[in-house]
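**Q** Can you read through this structure? Questions will come right after.
2 protein chains.
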Amino acid sequence: MFTGVLTRYKEFLPITEDTPIFTLGEGDTPLVRSKNLWKQIGHSELYFKLEGCNPTGSFKDRGMVMAVAKALEERSSTIVCASTGNTSASAAAYGAYCGLKTIVLVPKTGVATGKLTQALAYGARVLAIDGNFDQALKLVRSLADVQPITLVNSINPNRLQGQKTAAFEIVDNLGDAPDYLFIPVGNAGNITAYWMGFREYKKIGRAARSPHMMGFQAEGAAPIVRGEIVASPETVASALRIGNPASWKGALAARDESGGVIDAVSDKEILEAYKLLAQFEGIFCEPASAASLAGLLKLSRQGMPFEDKRIVCVITGTGLKDPEIATRFFDLPIQGLPSDLSTIQKAVANA
Amino acid sequence: MFTGVLTRYKEFLPITEDTPIFTLGEGDTPLVRSKNLWKQIGHSELYFKLEGCNPTGSFKDRGMVMAVAKALEERSSTIVCASTGNTSASAAAYGAYCGLKTIVLVPKTGVATGKLTQALAYGARVLAIDGNFDQALKLVRSLADVQPITLVNSINPNRLQGQKTAAFEIVDNLGDAPDYLFIPVGNAGNITAYWMGFREYKKIGRAARSPHMMGFQAEGAAPIVRGEIVASPETVASALRIGNPASWKGALAARDESGGVIDAVSDKEILEAYKLLAQFEGIFCEPASAASLAGLLKLSRQGMPFEDKRIVCVITGTGLKDPEIATRFFDLPIQGLPSDLSTIQKAVANA
Numbered sequence: 000m001f002t003g004v005l006t007r008y009k010e011f012l013p014i015t016e017d018t019p020i021f022t023l024g025e026g027d028t029p030l031v032r033s034k035n036l037w038k039q040i041g042h043s044e045l046y047f048k049l050e051g052c053n054p055t056g057s058f059k060d061r062g063m064v065m066a067v068a069k070a071l072e073e074r075s076s077t078i079v080c081a082s083t084g085n086t087s088a089s090a091a092a093y094g095a096y097c098g099l100k101t102i103v104l105v106p107k108t109g110v111a112t113g114k115l116t117q118a119l120a121y122g123a124r125v126l127a128i129d130g131n132f133d134q135a136l137k138l139v140r141s142l143a144d145v146q147p148i149t150l151v152n153s154i155n156p157n158r159l160q161g162q163k164t165a166a167f168e169i170v171d172n173l174g175d176a177p178d179y180l181f182i183p184v185g186n187a188g189n190i191t192a193y194w195m196g197f198r199e200y201k202k203i204g205r206a207a208r209s210p211h212m213m214g215f216q217a218e219g220a221a222p223i224v225r226g227e228i229v230a231s232p233e234t235v236a237s238a239l240r241i242g243n244p245a246s247w248k249g250a251l252a253a254r255d256e257s258g259g260v261i262d263a264v265s266d267k268e269i270l271e272a273y274k275l276l277a278q279f280e281g282i283f284c285e286p287a288s289a290a291s292l293a294g295l296l297k298l299s300r301q302g303m304p305f306e307d308k309r310i311v312c313v314i315t316g317t318g319l320k321d322p323e324i325a326t327r328f329f330d331l332p333i334q335g336l337p338s339d340l341s342t343i344q345k346a347v348a349n350a
Numbered sequence: 000m001f002t003g004v005l006t007r008y009k010e011f012l013p014i015t016e017d018t019p020i021f022t023l024g025e026g027d028t029p030l031v032r033s034k035n036l037w038k039q040i041g042h043s044e045l046y047f048k049l050e051g052c053n054p055t056g057s058f059k060d061r062g063m064v065m066a067v068a069k070a071l072e073e074r075s076s077t078i079v080c081a082s083t084g085n086t087s088a089s090a091a092a093y094g095a096y097c098g099l100k101t102i103v104l105v106p107k108t109g110v111a112t113g114k115l116t117q118a119l120a121y122g123a124r125v126l127a128i129d130g131n132f133d134q135a136l137k138l139v140r141s142l143a144d145v146q147p148i149t150l151v152n153s154i155n156p157n158r159l160q161g162q163k164t165a166a167f168e169i170v171d172n173l174g175d176a177p178d179y180l181f182i183p184v185g186n187a188g189n190i191t192a193y194w195m196g197f198r199e200y201k202k203i204g205r206a207a208r209s210p211h212m213m214g215f216q217a218e219g220a221a222p223i224v225r226g227e228i229v230a231s232p233e234t235v236a237s238a239l240r241i242g243n244p245a246s247w248k249g250a251l252a253a254r255d256e257s258g259g260v261i262d263a264v265s266d267k268e269i270l271e272a273y274k275l276l277a278q279f280e281g282i283f284c285e286p287a288s289a290a291s292l293a294g295l296l297k298l299s300r301q302g303m304p305f306e307d308k309r310i311v312c313v314i315t316g317t318g319l320k321d322p323e324i325a326t327r328f329f330d331l332p333i334q335g336l337p338s339d340l341s342t343i344q345k346a347v348a349n350a
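In order, the protein sequences belong to chains A and B.
In terms of numbering that gives the first Met the number 0, the numbers along the first sequence are unbroken and rise by one, the last being 350.
In terms of numbering that gives the first Met the number 0, the numbers along the second sequence are unbroken and rise by one, the last being 350.
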């Protein structure tokens with residue numbers, strides 16, 4: 000039965016008597032068993048955690064419900080973030096539900112208007128500044144210092160608290176933690192949050208073990224792999240286009256404490272995995288999400304053994320979030336045929 | 000815990016020993032309590048059933064998992080449908096997962112390529128015929144007669160069997176059926192399926208009552224309201240653009256047996272509800288989905304009393320399905336601002 004993450008995982012979250020409990024439908028997302036692609040890595044038990052089934056179409060909703068509940072508890076009237084993607088959509092949805100004003104700061108240049116449509120639909124106020132993303136983030140931090148405004152970027156610790164519930168759900172579904180968790184790494188908040196969740200469940204005995212945390216950045220936006228800030232991150236996976244991750248240290252800790260890796264995959268590998276997921280598992284995700292499977296396939300090709308292992312790949316958002324890429328990548332010329340049965344039968348036989 | 004509808008509601012579905020059980024993540028969708036709009040209809044308990052949280056973004060997945068499971072049981076190698084929208088996306092996803100060839104027939108003219116992107120992403124074969132939608136449907140019916148091909152349009156009875164599970168979930172969540180169920184009516188399969196579900200649950204005592212079924216068509220595509228086929232249905236809500244619904248009789252039975260209504264709402268009312276849902280409930284749906292709330296608001300304005308009633312509005316699909324409408328309807332000119340704190344503070348105060 001559906002309840003939402005604040006109710007379901009109340010005891011694990013920073014919830015007090017004064018924290019309002021509500022839900023927009025976040026959490027309790029499907030854990031789907033691989034039907035075909037598991038064969039590519041030898042005999043194994045492979046699952047996909049479909050975070051695109053959250054109400055705004057990405058994993059951000061888990062953390063946003065917690066951050067917005069705390070904003071209400073602190074009597075904020077306004078939430079603010081710097082973002083051009085999934086965070087702004089999620090903030091705007093929870094802001095609308097809770098009657099808060101939502102302000103999104105974006106850099107004036109380099110913003111695809113289409114990406115903001117969702118935030119605008121929910122009624123967020125979008126301010127475009129003469130400056131880059133770093134300046135936008137600096138401004139929203141200052142705004143949140145001096146007014147009754149709550150910052151809901153992932154440097155707000157309540158965000159990661161909410162996001163860790165995805166790890167709880169995986170353990171609750173499987174009965175224990177998997178051997179490996181593969182996850183895309185952009186701002187590195189999500190890998191940090193999952194690791195927090197797995198550790199907490201192990202500590203209280205709800206899981207007997209914790210997984211190796213396997214984080215994957217895009218090659219053109221791989222500051223953690225390279226060990227240095229990337230000034231101009233570039234990748235087809237827009238949600239991974241981050242050169243200086245906010246949770247850099249958290250990602251390193253997750254890797255080192257779990258015996259995992261943080262590695263990079265190329266845009267070609269990301270798009271290959273994006274296509275494989277759609278056409279062999281029926282999972283249409285945004286390109287960034289496919290970095291988890293791309294990483295698994297890369298390590299498997301390099302000879303890392305996954306025989307008889309239980310593996311979860313996190314699929315962070317729906318493919319409907321990025322229609323431009325999908326249209327460019329998948330649209331084929333559609334040929335017209337006369338409307339008679341024998342022609343169509345032949346076409347079907349040859350299709 | 001997530002299981003999928005075939006496992007969860009096995010005893011209510013046409014499942015035999017030979018039916019394969021699998022899931023792509025369909026069902027168990029959120030039932031979200033209205034935070035703001037309930038006030039517009041007097042003191043009431045209003046919920047939204049978010050079917051856009053299904054894996055392909057619409058309610059079609061519930062019926063498709065059942066139809067495809069039966070296709071596998073019958074050893075079909077191919078599934079086929081005539082559709083340019085949500086049905087084709089869902090068929091293509093389940094076809095991909097199960098290794099079936101998926102064929103989608105569309106009329107050559109009047110098809111928005113963007114609408115087919117999702118089906119193409121999942122690897123469906125799209126054939127465009129020189130003819131209209133009715134001819135496409137006629138052809139797929141003939142195809143399914145003469146080859147090891149299963150038709151998965153909603154005239155396949157397994158589709159409605161799967162779709163009725165949404166009614167079960169509502170009762171399981173609320174402890175009983177609501178007083179009223181508001182639902183968009185296009186091809187009329189969904190209202191027919193919900194009514195089947197509510198009746199079955201009442202019959203075995205899992206629900207003490209059944210709801211009044213309140214179906215809403217779009218004014219320009221309202222054959223059931225008008226009592227005659229509409230040759231050229233027109234509405235902004237593409238999923239409701241149907242002039243001769245396949246489940247016409249089912250919709251009438253649902254209305255008459257439940258003491259409900261089938262009525263129409265204008266495009267203006269649909270778009271108004273679409274905006275209200277996003278900006279006052281944080282729910283971004285496709286325009287067709289908003290017909291349920293539009294209908295409720297219309298009847299309330301006409302004086303129908305909903306005081307102290309428990310009401311569910313079905314939200315059939317995500318707004319990300321129809322980016323063109325959203326961009327046209329919500330995109331605002333975004334003004335650039337200098338990157339200094341005091342300017343931004345003023346802009347925030349005035350936003």
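Think of the CB as a built atom: it goes at the ideal place given N, C-alpha and C, for glycine as much as any other residue.
As the structure is a computational prediction, the values presented were derived from the model and not from experiment.
Here's the rule I'm using: 16 or more other beta-carbon atoms within 10 Å means buried, otherwise exposed. How should B:A166 be labelled?
**A** With 16 or more Cβ atoms within 10 Å of its Cβ, B:A166 is classed as buried.
**Q** Would you report the Cα separation of A:F305 and A:Y193, rounded to the nearest angstrom?
**A** C-alpha separation (whole angstroms): 21 angstroms.
**Q** Pair every Cβ in the region 198-212 of chain B with every Cβ in the region 223-240 of chain B, then say whether three or more of these pairs are closer than 8 angstroms.
**A** As far as the Cβ criterion goes, the region 198-212 of chain B does not touch the region 223-240 of chain B, which means the pair count is below three.
**Q** B:G430: which of B:L30, B:L5 and B:V347 sits nearest, CA to CA?
**A** An answer regarding residue 430 of chain B cannot be provided, because it is not within the stretch 0 to 350 covered by chain B.
**Q** Mind the definition here: the region 146-154 of chain A touches the region 122-135 of chain A only if three or more C-beta pairs lie below 8 angstroms; say whether that holds.
**A** As far as the Cβ criterion goes, the region 146-154 of chain A does not touch the region 122-135 of chain A, which means the pair count is below three.
**Q** Can you confirm whether B:L296, when its beta carbon is compared against all beta carbons of chain A, has any partner nearer than 8 angstroms?
**A** Not one chain A Cβ lies under 8 angstroms of B:L296.
**Q** In chain order, what are the residue ranges of uninterrupted beta strand (DSSP E) at least 3 long that sit wholly in the region 280-316 of chain B?
**A** For the region 280-316 of chain B, whole beta strand (DSSP E) runs of length 3 or above, ordered along the chain, are 309-314.
**Q** Quick one: what's got a C-beta closer than 8 angstroms to B:V184's C-beta in the same chain, skipping five residues either side?
**A** Excluding residues within five positions, the ones whose Cβ falls inside 8 angstroms are I190, G214, F215, Q216, I223, L239, P244, A250, I261 and A290.
**Q** What are the start and end residues of the alpha helix (DSSP H) that includes A:G196?
**A** Here the alpha helix (DSSP H) through A:G196 covers G188 to K202.
**Q** For B:A263, tell me which candidate among B:C284, B:G219, B:L340 and B:S237 has the shortest Cα-Cα distance.
**A** Comparing Cα-Cα distances from B:A263 to each of B:C284, B:G219, B:L340 and B:S237, the minimum goes to B:G219.
**Q** Under a three-way DSSP split, which group does A:K100 fall into?
**A** DSSP places A:K100 in strand when its eight states are reduced to three.
**Q** With a threshold of 8 angstroms between beta carbons, is A:L319 in contact with chain B?
**A** By this cut-off, A:L319 is an interface position.
**Q** From B:A272, B:W247, B:I20 and B:A95, pick the residue whose C-alpha is nearest to that of B:G225; which is it?
**A** The identity of residue 225 of chain B in the sequence shown is Arg, whereas the question assumes Gly. Measuring from the Cα of B:R225, the nearest candidate turns out to be B:W247.
**Q** I need the boundaries of the beta strand (DSSP E) containing B:L180, first residue and last residue.
**A** Where B:L180 is concerned, the enclosing beta strand (DSSP E) stretches over Y179 to P183.
**Q** Can you tell me which of the three DSSP states B:R74 falls into?
**A** Correct three-state label for B:R74: coil.
**Q** Output the distance between the C-alpha atoms of B:T28 and B:T342, rounded to the nearest integer angstrom.
**A** Their Cα atoms are separated by approximately 43 angstroms.
**Q** Counting only Cβ-Cβ distances shorter than 7 angstroms, please list the residues of the region 266-292 of chain B near chain A, keeping chain order.
**A** Answer in chain order: A277, Q278, F279, E280, G281 and F283.
**Q** Does the CB of B:I333 have a neighbour CB from chain A at under 8 angstroms?
**A** Output row for B:I333: interface = yes.
**Q** Output yes if chain B places a C-beta closer than 8 angstroms to the C-beta of A:A124; else output no.
**A** The amino acid occupying residue 124 of chain A in the given sequence is Arg; Ala does not appear at that position. Taking Cβ atoms only, chain B reaches closer than 8 angstroms to A:R124, which makes this a yes.
**Q** Can you list, in chain order, the residues of its chain whose CB lies under 8 angstroms from that of A:E268, leaving out five sequence neighbours each side?
**A** The answer, listed in chain order, is A293, L296 and K297.
**Q** Under 8 angstroms by Cβ, that's how I've got A:I314 and A:L45 pegged, so tell me the actual separation to the nearest angstrom.
**A** Rounded, the Cβ-Cβ distance is 12 angstroms, inconsistent with contact.
**Q** Are the C-beta atoms of A:Y8 and some chain B residue less than 8 angstroms apart?
**A** So, not an interface residue.
**Q** State buried or exposed for A:R300, treating a residue as buried only when at least 16 other CB atoms are found within 10 Å of its CB.
**A** With fewer than 16 other Cβ atoms within 10 Å, it is exposed.
**Q** Would you kindly report the start and end of the unbroken alpha helix (DSSP H) that includes B:A263?
**A** B:A263 -> not in any alpha helix (DSSP H); beta strand (DSSP E) instead, spanning V260 to V264.
**Q** Could you tell me which of A:R327, A:G259, A:T234 and A:D255 sits nearest to A:K274, measuring between CA atoms?
**A** Comparing Cα positions, the closest option is A:R327.
**Q** With distances taken from CA atoms, which of A:K163, A:A252, A:N85 and A:R32 is nearest A:R7?
**A** Checked all of A:K163, A:A252, A:N85 and A:R32; the closest Cα to A:R7 is A:K163.
**Q** Which class does B:Q216 belong to by DSSP, given the choice of helix, strand or coil?
**A** The answer is strand: DSSP assigns B:Q216 an E or B state.
**Q** Closest Cβ-Cβ distance between A:T315 and chain B: below 8 angstroms?
**A** It does not: the Cβ of A:T315 has no partner Cβ on chain B nearer than 8 angstroms.
**Q** Mind pulling the chain B residues with CB within less than 8 angstroms of A:L36?
**A** Near A:L36 there are no residues of chain B at all, since even the closest Cβ is about 11 angstroms away, more than 8 angstroms.
**Q** If I follow the unbroken beta strand (DSSP E) through A:E256, where does it start and stop?
**A** From DSSP, A:E256 is part of no beta strand (DSSP E) but of the alpha helix (DSSP H) over W247 to S257.
**Q** Following a CB-centred definition, is B:S82 positioned closer than 7 angstroms to any heavy atom of the ligand ADP?
**A** Ligands in the displayed structure: none, and consequently the ligand ADP is not present.
**Q** Within this structure, are the beta carbons of B:S237 and B:A287 separated by less than 8 angstroms?
**A** For B:S237 and B:A287, yes; Cβs fall inside 8 angstroms.
**Q** Closer than 8 angstroms, CB to CB, is B:C52 near chain A or not?
**A** Taking Cβ atoms only, chain A reaches closer than 8 angstroms to B:C52, which makes this a yes.
**Q** Could you tell me whether the Cβ of A:T18 comes closer than 8 angstroms to any Cβ of chain B?
**A** With 8 angstroms as the cut-off, A:T18 does not count as an interface residue toward chain B.
**Q** Going by beta carbon distance, what residues of the same chain come within less than 7 angstroms of B:E25, once the five residues before and after it are set aside?
**A** Closer than 7 angstroms at Cβ, skipping near neighbours: G3, V4, N53, P54, D60, R61 and V64.
**Q** Relative to chain A, which residues along the region 129-140 of chain B have a C-beta separation below 7 angstroms, given in chain order?
**A** Listed by position, the residues of the region 129-140 of chain B near chain A (Cβ gap below 7 angstroms) are D129, G130, Q134 and L138.
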